[in-house]
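**Student:** Quick note, the sequences are listed as chains A and B, same order. The opening residue of the first sequence carries number 77 in the working numbering; numbering runs sequentially from there. The opening residue of the second sequence carries number 1350 in the working numbering; numbering runs sequentially from there. Quick reminder that beta carbons are idealized off the backbone N, C-alpha and C, glycines included.
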Amino acid sequence: MAHQKQRFRRAAVTALSTLMAASLGMLVAQPAAGVPRDVPDLPLTQVDTSWVSSAGEGWQVSSEPTPIDANAARTLAEDDEECSAVADDGTWTCLRTLDQDLKELPSLKSGVADFDPYPIPEWCTEHGASGVTYVTRHNGCVISSHVFTVYQIRDGVSTVVGLMNFLVADYIVTSPDSNFWQHQVTVAPSIMTGEAVGVEVAGVPVCASGPCVEEDVDFVPEALTAVGDEASGLATWQWPVVAGGQGTSNTSWTLSFRAPTSQEWVSGQFDNAADIRCDSELINRVAGCVIPFATPTMTWAYWEFPDYGDHLIDAINSGLPGANLGDGSQPLHRLMDDALQQANRDRACPDAYTRPAGKSCDEYPFASTYEGASTGGGTGRTFDWCGIPQLPTGVTGSSGYSSCMIDATNNSGAGSQLETRLYGPERVLDGDAFWVNFSG
Amino acid sequence: MIDSNEGGSHTYTARVSESCLALHGCAWLPPADPGVIAQLVLDAEAGPEVRSVVPAPEGPGNVHLVRAPVIRTGISMGPVSVTLATHDGPPPVELAGSDDAAEFSIFAVNQPAFIGGFGDASSPSRIIDLSGPGWYRLRVCASGRARARDLVGKEPVENYRIDVWRADYAEPLALTHSVTEPVAARARREADLRQRASRGSNRLAGFLDRSQHVPAPRLSAEEQAAVDRGQDRLRELAARQRRREEE
């Protein structure tokens, strides 16, 4: 699986208005547009966002005072912590991401704010606070674990005087029929002690990359006083529609924390690795957005389209791509060019093939894919029940195409589902990968 | 490409794929007798954006429309000529020059409805000039569908005149015998398919054994309801933006 680094930023600030980004990083596969390529195959796709740093190794809260002078106070911080300035009273705070793979999550209410919150889906919470982004074609979700520490210098000695372990649950919802999307964040403490009790949390949405324009934000700074309290924010973003175009964006949240005894805020940028692609390339549909990293699967009901199913299954069993059969199997890739589609269809189903009454010619891989008969190359094949004497039977291998005469109603019905259930609703654009499958 | 606007009708070239012309933004109730217009109109699955709950056309209760009609073309792919006209009431039936003709009811949801190809960028279509969501009657008169059956069309050789007017739901009506699939022929065809499905069950089982079954991530009812509400909001924001831009 190819990966592309995505930045994770944390910042130490003295005021919300002067957020400062540092960088750490991680990863999401982002295929280039317009060309067939290998992309992951899961309907629920795991995006590896493990940290570059070794945060959390051997870290623990020290109860022993550590003698330092005020000027050297910051040296106490762990290498991977981001800390506020030291206030006049000797207090400073730090944020750090925990590298632990927390499996058991506390209950997430996902919202005590004024907006109608999205519950965090089980397909996200079941992986614990892994820091890994999980995506479907329409949703992206990541839960991560962090610690907020309050230090204080007393008589020249630095001491941990408060601590909050907390989860950040981050959830994106897109619509294939809207150029707007929503990005929710929830901060939920799992441990609160000492001077961390009553910590204020504030959030600011960030357009991390791409043409995202903030439409609306709802995050009221909230004081967390006990485990079970939550702070939530919901940002609504829009892609400024470009007729016939597309744009890929990434949005995130900057969360800021301030202990009750401190005048200083400490902030970090909490990323969701799910990039959002919006487009208006489908002329008969309004603009919409999807998470293109997720490869959709088109599943037909076999009982509804047995003729169509038999041809596809025979073709796939003979080695042609498109079904997720494990190691080495390749998906199909959408082809939108009319002339190339017609060339594919002309090659697979030429005039010379006799159409029996009530039957029409079916080609696989589909004319609307780069793997089609002309653009994909290779030679034709058929099967003994297909009624095409011009093509050989018994051919195997991943190169080439298959043609077959099947029930015309079955052919059009199943073919139209490819359009109405996959290409349109999942916004499968030129070069996008997809799998085919059947249900019983 | 022909594109004219004469006497309240639009003539344009639409690009067919999968041997179908799509009615975007429309749903329907599948006919009680599936064969009555089956040679011209195919019962297909509606896209999620057009699914709609409407009062039942007969009797109490509501009907959830999840099916949509598509017009079957002769060619499998390529251009056809479409003339689209809207009327206040049913226009006189003129079948001269038409090989195949039928009427059926569509339910237009609250968004522009189109007749055209399925959705590629180069697939032209025209908005049906409707007076809001609801039931409409649609009459299709087609010619030339036998000239290049199941082939790729290079130039338009098929013509579709489509008349639309507001009318309560009514069962489909064949205006030419050619659009009806005879009961016996349909029964024979469906029996063949059932037999194939039965014979093919081992083939399917073998395929399912090989294919990797990663269950699609399901949202609970509560999670799905929240996402549905959110997507409704997102669609409304987009619709509001489009209205602002139109003004």
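1. Are the CB atoms of Pro-195/A and Ala-1575/B nearer to each other than 9 Å?
2. Go to Gln-1388/B, then tell me how far its alpha helix (DSSP H) extends in each direction, as first and last residue.
3. Can you name the start and end residues of the alpha helix (DSSP H) that Tyr-384/A belongs to?
4. Round the Cβ separation of Asn-326/A and Gly-286/A to the nearest angstrom and send it over; I've been treating them as touching at under 8 Å.
5. Since Ile-1424/B contacts Val-1390/B with CB under 8 Å, what's their CB separation in whole angstroms?
6. Counting only beta-carbon atoms, is Gly-453/A nearer than 9 Å to chain B?
7. Rounded to whole angstroms, what is the Cα-Cα separation between Ser-488/A and Ser-1368/B?
8. What is the residue span of the alpha helix (DSSP H) that Cys-200/A lies within?
9. What three-state label does DSSP hand Gly-489/A in the structure shown?
10. Report the residue from Gln-322/A, Cys-425/A, Gly-453/A, Leu-416/A whose alpha carbon sits nearest the alpha carbon of Ser-444/A.
11. Ser-436/A to Ser-474/A, Cα distance in whole Å?
12. Return the CA-CA distance between Glu-202/A and Val-261/A, expressed in angstroms with no decimal places.
13. Could you tell me how far apart the beta carbons of Arg-503/A and Gly-364/A are, in whole angstroms, since I believe they sit closer than 8 Å?
14. What whole-angstrom Cβ distance do Asn-486/A and Asp-383/A have, given they're in contact under 8 Å?
15. Would you mind sorting Gly-1359/B into buried or exposed? The rule is 16 or more other CB atoms within 10 Å of its CB.
16. Cα separation between Leu-243/A and Ile-352/A?
17. Quick check: the region 1391 to 1407 of chain B against the region 1541 to 1561 of chain B, are there 3 or more CB pairs under 8 Å?
18. Taking the straight line between their C-alpha atoms, what separation do you get for Pro-1531/B and Ala-1570/B?
19. Could you give the DSSP three-state label for Thr-250/A: helix, strand or coil?
20. Suppose you measure from the CA of Pro-1482/B to the CA of Val-1458/B; what does that come to, to the nearest Å?
21. Identify the contact partners of Leu-1557/B in chain A, using a Cβ-Cβ distance below 8 Å as the criterion.
22. Expressed to the nearest angstrom, what Euclidean distance is found between the alpha-carbon atoms of Trp-257/A and Arg-1584/B?
23. Three-state secondary structure (DSSP) at Gln-339/A?
24. Between the C-alpha atoms of Tyr-1361/B and Asn-513/A, what's the straight-line distance to the nearest angstrom?
25. For a test of the three-state rule: what should DSSP assign to Arg-1593/B, helix, strand or coil?
26. Could you give the uninterrupted runs of the beta strand (DSSP E) lying entirely in the region 339 to 377 of chain A, keeping only those of 3 residues or more?
27. Run through DSSP, which three-state label would Tyr-1509/B get?
28. Does any C-beta atom of chain B lie closer than 9 Å to the C-beta of Ala-443/A?
29. By how many angstroms is the C-alpha of Leu-1568/B removed from the C-alpha of Arg-1486/B?
30. What's the C-alpha gap between Leu-1542/B and Leu-388/A?
31. Mind checking Gln-322/A: buried by the 16 CB within 10 Å criterion, or exposed?
32. Any Cβ of chain A within less than 9 Å of the Cβ of His-1526/B?
33. Tell me whether Asp-294/A sits in a helix, a strand or coil according to DSSP, three-state version.
34. Mind checking if Leu-1419/B is an interface residue toward chain A, Cβ cutoff 9 Å exclusive?
35. Considering only their Cβ atoms, is the gap separating Asn-255/A from Gln-314/A smaller than 9 Å?
36. Between Gly-463/A, Glu-380/A, Gly-344/A, which has its C-alpha nearest Glu-158/A's C-alpha?
**Tutor:** Checking against the coordinates, here is how it stands:
1. yes
2. Looking at the DSSP string, Gln-1388/B is not in any alpha helix (DSSP H), and its letter there is neither H nor E.
3. 382 to 393
4. 6 Å
5. 17 Å between Cβ atoms; not a contact.
6. no
7. 6 Å
8. 198 to 201
9. helix
10. Leu-416/A
11. 24 Å
12. 18 Å
13. 6 Å
14. 4 Å
15. One detail in the question is off: residue 1359/B reads as His in this sequence, not Gly. Buried, by the Cβ-count rule.
16. 23 Å
17. no
18. 43 Å
19. coil
20. 5 Å
21. Phe-514, Gly-516
22. 9 Å
23. coil
24. 36 Å
25. helix
26. 342 to 347, 352 to 355, 364 to 366, 373 to 377
27. strand
28. yes
29. 38 Å
30. 15 Å
31. buried
32. no
33. strand
34. Checking the displayed sequence, the identity of residue 1419/B turns out to be Val instead of Leu. Output row for Val-1419/B: interface = yes.
35. yes
36. Gly-344/A
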